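Engineer:
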Amino acid sequence: TQQEALIRALPKVELHLHIEGSLEPEMMFELARRNGIKLPYDSVEAVREAYDFDNLQSFLDLYYAGAGVLITEQDFYDLTWAYLKRCEADKVVHTEIFFDPQTHTDRGIAFETVLNGIRRALKDGNEKLRISSRLIMSFLRHLSEEEGFKTLEMARPYLEEIDGIGLDSSELGHPPSKFERLFAECKALGLPRVAHAGEEGPPEYVWEAIKLLDVCRIDHGVRALEDEKLVESLAETRLPLTVCPYSNVKLKVFDRLADHNLRDLLAKGLCATVNSDDPAYFGGYVQENYLGCARELKLSVEEILQLVKNGFEACWLEEGERGWWM
Ligand code: HPA
Ligand code: ZN
Numbered sequence: 002t003q004q005e006a007l008i009r010a011l012p013k014v015e016l017h018l019h020i021e022g023s024l025e026p027e028m029m030f031e032l033a034r035r036n037g038i039k040l041p042y043d044s045v046e047a048v049r050e051a052y053d054f055d056n057l058q059s060f061l062d063l064y065y066a067g068a069g070v071l072i073t074e075q076d077f078y079d080l081t082w083a084y085l086k087r088c089e090a091d092k093v094v095h096t097e098i099f100f101d102p103q104t105h106t107d108r109g110i111a112f113e114t115v116l117n118g119i120r121r122a123l124k125d126g127n128e129k130l131r132i133s134s135r136l137i138m139s140f141l142r143h144l145s146e147e148e149g150f151k152t153l154e155m156a157r158p159y160l161e162e163i164d165g166i167g168l169d170s171s172e173l174g175h176p177p178s179k180f181e182r183l184f185a186e187c188k189a190l191g192l193p194r195v196a197h198a199g200e201e202g203p204p205e206y207v208w209e210a211i212k213l214l215d216v217c218r219i220d221h222g223v224r225a226l227e228d229e230k231l232v233e234s235l236a237e238t239r240l241p242l243t244v245c246p247y248s249n250v251k252l253k254v255f256d257r258l259a260d261h262n263l264r265d266l267l268a269k270g271l272c273a274t275v276n277s278d279d280p281a282y283f284g285g286y287v288q289e290n291y292l293g294c295a296r297e298l299k300l301s302v303e304e305i306l307q308l309v310k311n312g313f314e315a316c317w318l319e320e321g322e323r324g325w326w327m
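Here it is as structure tokens:
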């Protein structure tokens with residue numbers, strides 16, 4: 002279709018991608034072998050079969066376990082490089098990725114091992130693939146704010162290498178308000194902030210992320226639609242939502258892609274963007290998310306153009322940094 006051709010041809014950005022969530026089962030096996038780790042699966046197929054989730058938590062349990070094969074700086078480099086090669090194939094020209102340092106430091110991996118591996122790949126991506134990027138350090142919200150402060154202390158010598166701050170992991174029961182002081186400290190350090198909110202959590206969590214954490218984007222945010230005042234405010238400010246359609250279906254936020262509210266978000270004037278979240282677990286990179294939505298939601302050419310433009314509007318590139326595609 003015309004829509005499909007357009008999606009494939011357009012340069013795109015991605016703004017919601019957990020690098021640990023791009024660990025494909027093939028690489029999981031390869032790294033397990035390289036590092037002498039025994040996996041609780043017999044085959045790549047068995048891993049894929051296990052990726053049948055009921056909700057966010059059932060996914061997170063496997064996602065944190067899978068990340069256990071990442072040990073050396075080279076592992077983090079290889080993981081990030083594989084993702085960037087995929088970006089190249091899909092015409093993703095700019096990407097802003099999350100990493101979860103606590104997932105690794107809590108099992109004895111040094112902060113700088115993680116950071117250096119990812120950073121070196123991003124630099125190579127910039128130089129060899131012409132893909133620009135930003136790196137967002139995300140705090141795990143099921144851990145305490147104090148744990149978050151300890152992680153910020155570990156990051157302090159490397160703040161030049163960190164472009165922003167995020168908040169992810171189990172949403173329900175861990176509202177943004179739990180991290181108000183930590184995010185205030187990050188703001189004082191000059192770091193831009195985003196937070197996952199309104200994925201499984203209520204619209205109140207989106208309000209809290211805006212008012213208490215002073216975020217410049219909301220990750221997911223699809224439940225914002227339940228609150229008319231919030232929708233009005235998001236339309237007025239154009240505070241972006243980084244929507245992840247396949248993720249929402251895999252984690253049962255919506256039953257089917259055809260039921261997703263992406264078109265309604267656009268129709269109400271919100272700056273909704275399309276992203277992949279954890280593509281190795283949810284079965285599609287960003288281009289597949291666009292293609293799936295175009296097919297199942299019957300997106301018009303105008304809607305596709307709007308979504309792609311919203312991505313560029315929502316990204317953190319400065320005017321002078323924009324590449325050949327703008
Ligand atoms: N939500 C919360 N935490 C996460 C996600 C998500 O979609 N992906 C990886 N960590
Ligand atoms: Zn996410």
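The numbering of the sequence shown is full-length UniProt numbering, which starts it at 2 and goes up by one. All residues carry an ideal CB built from backbone N, CA and C; glycine is no exception. Note that the structure is a prediction, hence the values are computed from the model and not measured.
#1: Is the beta carbon of Asp278 within less than 7 Å of some heavy atom of the ligand ZN?
#2: Let's see if you can read the secondary structure: which residues bound the alpha helix (DSSP H) around Val250?
#3: Assuming the contact rule is C-beta atoms closer than 8 Å, Asp228 and Pro204 should be a hit. Round their C-beta distance to whole Å, please.
#4: Which term fits Asp79, buried or exposed, when burial requires 16 or more other beta carbons within 10 angstroms of its beta carbon?
#5: Can you give the Cα-Cα distance for Gly191 and Gly321, rounded to whole angstroms?
#6: Is it the case that the Cβ atoms of Leu18 and Thr96 are separated by a distance below 8 Å?
#7: Going straight from the alpha carbon of Arg131 to that of Trp326, what length do you get?
#8: Should Val244 and Val93 be called a contact, given that it needs their Cβ atoms to be closer than 8 Å?
#9: Considering only C-alpha positions, which residue in the set Ala273, Thr81, Asp164, Glu148 is nearest to Ala225?
#10: Determine the burial state of Arg194: buried for a count of at least 16 other Cβ atoms within 10 Å of its Cβ, exposed for fewer.
#11: Rounded to the nearest angstrom, what separates Leu258 and Asp164 at their Cα positions?
#12: Nearer than 7 Å: is that true of the beta carbon of Asp101 relative to any heavy atom of the ligand ZN?
#13: Going by Cα to Cα distance, which pick from Leu267, His175, Arg35 is closest to Glu233?
#14: Could you tell me which residues DSSP puts in a beta bridge with Val93?
#15: According to DSSP, is Asp256 helix, strand or coil?
#16: Would you say the beta carbon of Ser248 is closer than 7 Å to some non-hydrogen atom of the ligand HPA?
#17: Is Asp278 buried or exposed, if buried means 16 or more other CB atoms sit within 10 Å of its CB?
#18: Under 7 Å from any heavy atom of the ligand ZN, does the C-beta of His105 make it?
#19: Taking the alpha-carbon positions, what's the Ala315 to Lys13 distance?
#20: In the structure shown, what three-state DSSP assignment does Gly67 receive?
#21: Can you have a look at Arg218 and say buried or exposed, based on whether 16 or more other CB atoms are within 10 angstroms of its CB?
#22: Need the endpoints of the alpha helix (DSSP H) that Thr152 sits in, please.
#23: For Asp256, collect the residues of the same chain with a Cβ closer than 8 Å to its Cβ; drop the 5 residues on either side in sequence, then sort them by chain order.
#24: Considering only residues of the same chain and omitting the five flanking positions on each side of Glu304, which have a CB-CB separation below 7 Å?
#25: What whole-angstrom Cβ distance do Leu168 and Glu201 have, given they're in contact under 8 Å?
#26: Does the ligand HPA have a heavy atom nearer than 7 Å to the CB of Glu161?
#27: Quick one: measure Cβ to Cβ for Phe180 and Arg142, integer angstroms, because I've assumed they're closer than 8 Å.
#28: Going along the chain, which residues of its own chain have a beta-carbon closer than 7 Å to the beta-carbon of Gln58, five neighbours each way excluded?
#29: Return helix, strand or coil for Gly167, following the three-state DSSP convention.
#30: To the nearest angstrom, how far is it from the Cα of Ser23 to the Cα of Ala83?
#31: Classify Pro280: buried if its beta carbon has 16 or more other beta carbons within 10 angstroms, exposed otherwise.
#32: Rounded C-beta distance between Ser133 and Gly324? I'm assuming under 8 Å.
Structural biologist: Working from what's here:
#1: Numbered from its first residue, the sequence shown carries residue 278 at position 277. Yes, the beta carbon of Asp278 sits closer than 7 Å to at least one heavy atom of the ligand ZN.
#2: Numbered from its first residue, the sequence shown carries residue 250 at position 249. According to the DSSP assignment, Val250 belongs to the alpha helix (DSSP H) that extends over 246-251.
#3: Numbered from its first residue, the sequence shown carries residue 228 at position 227. Numbered from its first residue, the sequence shown carries residue 204 at position 203. Confirmed, about 4 Å.
#4: The residue labelled residue 79 in the question sits at position 78 within the sequence shown. Label assigned to Asp79: buried.
#5: For this step, residue 191 is matched to residue 190 along the sequence shown. For this step, residue 321 is matched to residue 320 along the sequence shown. Cα to Cα, the separation comes out at about 20 Å.
#6: To locate residue 18, count along the sequence shown from 1; it is residue 17. To locate residue 96, count along the sequence shown from 1; it is residue 95. Contact flag set, yes.
#7: To locate residue 131, count along the sequence shown from 1; it is residue 130. To locate residue 326, count along the sequence shown from 1; it is residue 325. Spanning the two alpha carbons is a distance of roughly 11 Å.
#8: Along the sequence shown, one-based indexing puts residue 244 at 243. Along the sequence shown, one-based indexing puts residue 93 at 92. No; because the gap between Cβ atoms is not below 8 Å, this pair is not in contact.
#9: The sequence position of residue 225 within the sequence shown is 224, counting from 1. Answer by Cα proximity: Ala273.
#10: To locate residue 194, count along the sequence shown from 1; it is residue 193. The residue is buried, with at least 16 neighbouring Cβ atoms inside 10 Å.
#11: Along the sequence shown, read from residue 1 onward, the residue named residue 258 stands at position 257. Along the sequence shown, read from residue 1 onward, the residue named residue 164 stands at position 163. Straight through space, the alpha carbons of Asp164 and Leu258 are spaced by roughly 32 Å.
#12: Here the question's residue 101 lines up with position 100 in the sequence shown. No; taking the cut-off as 7 Å, the Cβ of Asp101 has no heavy atom of the ligand ZN nearer than that.
#13: Position 232 of the sequence shown, counted from the first residue, corresponds to residue 233. Minimum Cα distance to Glu233 is reached at Leu267.
#14: Start at 1 with the first residue of the sequence shown, and residue 93 comes out as number 92. DSSP, once it has assigned bridges, lists Lys13 as partnering Val93.
#15: Taking the first residue of the sequence shown as 1, we reach residue 256 at position 255. Here Asp256 sits in coil by DSSP.
#16: On the sequence shown, position 247 is the one that residue 248 refers to. Yes, the Cβ of Ser248 comes within 7 Å of a heavy atom of the ligand HPA.
#17: Numbered from 1 along the sequence shown, position 277 holds the residue referred to as residue 278. Flag for Asp278 reads buried.
#18: Counting from 1 along the sequence shown, the entry for residue 105 is found at position 104. Result no, Cβ not under 7 Å from the ligand ZN.
#19: As a working mapping, residue 315 is identified with position 314 in the sequence shown. As a working mapping, residue 13 is identified with position 12 in the sequence shown. So the alpha carbons of these two residues sit roughly 12 Å apart.
#20: The sequence position of residue 67 within the sequence shown is 66, counting from 1. Note: Gly67 maps to helix in three-state DSSP.
#21: The residue given as residue 218 occupies position 217 in the sequence shown. Under this definition Arg218 is a buried residue.
#22: Along the sequence shown, read from residue 1 onward, the residue named residue 152 stands at position 151. It spans 146-156 - the alpha helix (DSSP H) in which Thr152 sits, taken as one unbroken run.
#23: As a working mapping, residue 256 is identified with position 255 in the sequence shown. Once the five neighbours on either side are set aside, the close Cβ partners of Asp256 are Val250.
#24: Along the sequence shown, one-based indexing puts residue 304 at 303. Cβ neighbours of Glu304 beyond the five flanking positions: Arg264, Leu267.
#25: The residue you call residue 168 lines up with position 167 of the sequence shown. The residue you call residue 201 lines up with position 200 of the sequence shown. Incorrect: roughly 14 Å between the Cβ atoms, too far for contact.
#26: Locating residue 161 in the sequence shown gives position 160, counting from the first residue. No, the beta carbon of Glu161 sits no closer than 7 Å to any heavy atom of the ligand HPA.
#27: Position 179 of the sequence shown holds residue 180. Position 141 of the sequence shown holds residue 142. Going by Cβ atoms, the distance from Phe180 to Arg142 rounds to 7 Å, so yes, they are a contact pair.
#28: Residue mapping note: residue 58 aligns to position 57 of the sequence shown, counting from 1. Answer for Gln58: Ser171, listed in chain order.
#29: For the purposes of this step, residue 167 is taken as residue 166 along the sequence shown, with counting starting at 1. DSSP places Gly167 in strand when its eight states are reduced to three.
#30: Walking along the sequence shown from the start, residue 23 turns up at place 22. Walking along the sequence shown from the start, residue 83 turns up at place 82. Near 8 Å, if we compare the C-alpha coordinates of Ala83 and Ser23.
#31: Start at 1 with the first residue of the sequence shown, and residue 280 comes out as number 279. Pro280 comes out buried.
#32: Along the sequence shown, one-based indexing puts residue 133 at 132. Along the sequence shown, one-based indexing puts residue 324 at 323. Yes, Ser133 and Gly324 are in contact; Cβ-Cβ is about 6 Å, under 8 Å.
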